[in-house]
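To convert, take the position in the sequence shown, counting from 1, and add 9; that gives our numbering.
Report on the following structure.
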Amino acid sequence: MIVAELERALLARYPKTDAEPWDHVGLSVGDPDDEIRGVACTLDATEANVQRALEAGANVLLTHHPIYIKAPEAFCPPSATRPQCSAALYEAARCGVSIISLHTNLDRSHEARVRLSELLGAEPMSSLEHVDDPEACGLGALATLNEPCTLRDLATRAATAFGSDPRVWGEADYPCRTVAILGGSLGDFGELAIAAGADVVVTGEAGYHVAQDLALRGLPVVLLGHDRSEEPFVDILMNSAVDAGVDPRHAIKILNPCQWWTVTKGENL
């Protein structure tokens with residue numbers, strides 16, 4: 010199997026037309042005619058993950074986040090004066106690693122909706138983007154908890170499921186049944202969550218004033234961290250690569266630890 014065949018199969022499953030106009034999905038660097046020796050699946054296209062792919066014998070890095078949103082001015086070795094994507098592109102090209110990304114086109118998939126809902130013990134009803142059409146692809150998920158619980162219990166469940174130390178806005182004993190879920194950044198989807206009748210929104214990140222406003226209007230917010238909320242998509246990438254024809258023996262996952270950490274007041278470090 011060559012790189013172009015893998016890209017074609019993945020984009021048939023997650024069409025470019027489902028991606029946001031500003032997004033960069035598909036092959037960003039590499040030779041489409043290269044024979045695939047292995048595929049490493051991970052969240053981010055960093056220089057470190059390019060190296061990890063090479064160490065695992067893979068010459069394709071399949072990521073959720075694209076290597077860049079705005080292209081760097083140059084592809085150069087690591088430097089504090091340039092964005093990290095410059096070094097990642099340089100290293101990938103130098104070492105013959107092709108990078109394929111499935112970003113907002115994967116976010117809109119049924120698989121993403123189901124995966125996020127299952128981790129919270131919920132049954133997805135629709136996307137958050139198209140609540141009036143349960144079968145339509147769309148960003149986020151509107152889901153019903155299999156067992157209604159308090160905000161405290163839901164946040165605790167989310168912390169375990171996503172490996173996060175979430176920041177929670179809202180009263181701890183607030184009852185939750187219908188959950189709006191959105192991996193990554195919430196943006197203005199809080200308004201859609203309110204319109205859909207959600208009891209709570211679980212997402213990666215939201216601005217202070219956005220989270221405060223939603224909580225004061227009666228919609229609690231659980232912030233997992235952008236990376237923690239989307240790390241489960243690596244499983245989807247892995248399954249998609251294998252379904253596309255990659256030998257399971259040559260497909261691996263690179264799961265990164267949380268890239269940030271928290272300090273509790275009074276904690277001895």
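Using N, Cα and C, we set each Cβ at its ideal position, and we do this for glycine too.
For Ile78, is the classification buried or exposed, using 16 other Cβ atoms within 10 angstroms of its Cβ as the cut-off for buried?
That one is exposed.
DSSP three-state label for Thr159, please.
strand
Any idea what DSSP makes of Arg237, helix, strand or coil?
If DSSP states are grouped into helix, strand and coil, Arg237 belongs with the helices.
Go ahead and pull the three-state DSSP assignment for Arg176.
strand
Got a sec? Which residues, its chain only, sit under 6 Å from Ala145 by beta carbon, not counting five neighbours each side?
His139
May I ask you to report which of helix, strand or coil DSSP gives Leu148?
coil
Does the pairing of the segment 10-24 with the segment 42-58 give three or more beta-carbon distances under 8 Å?
Contact between the segment 10-24 and the segment 42-58 is present, because at least three Cβ pairs lie under 8 Å.
Select from Thr153, Asp197, Pro24 the residue whose C-alpha is nearest the C-alpha of Pro133.
Closest option to Pro133, Cα to Cα, is Thr153.
What do you reckon, are the CB atoms on Gly105 and Asn58 nearer than 7 Å?
no
Return the residue from the list Glu64, Trp270, Asp244 that minimises the CA-CA distance to Leu264.
Asp244
On a Cα-Cα basis, can you pick out the residue from Pro81, Val231, Lys274, Ile109 that is closest to Ser283?
One cannot answer for residue 283 here, as it falls past the ends of the chain, which runs 10 to 278.
Counting Cβ pairs closer than 8 Å, one from the segment 227-238 and one from the segment 157-173, do we hit at least three?
yes
In chain order, what are the residue ranges of uninterrupted beta strand (DSSP E) at least 3 long that sit wholly in the segment 176-225?
176-178, 184-194, 209-214
Grab me the residues of Ala168's own chain with a C-beta within less than 6 Å of its C-beta, minus the 5 sequence neighbours each way, in chain order.
Pro175
Just to confirm, is the Cβ distance from Leu151 to Ser135 under 7 Å?
yes
Can you tell me whether DSSP reads Met10 as helix, strand or coil?
coil
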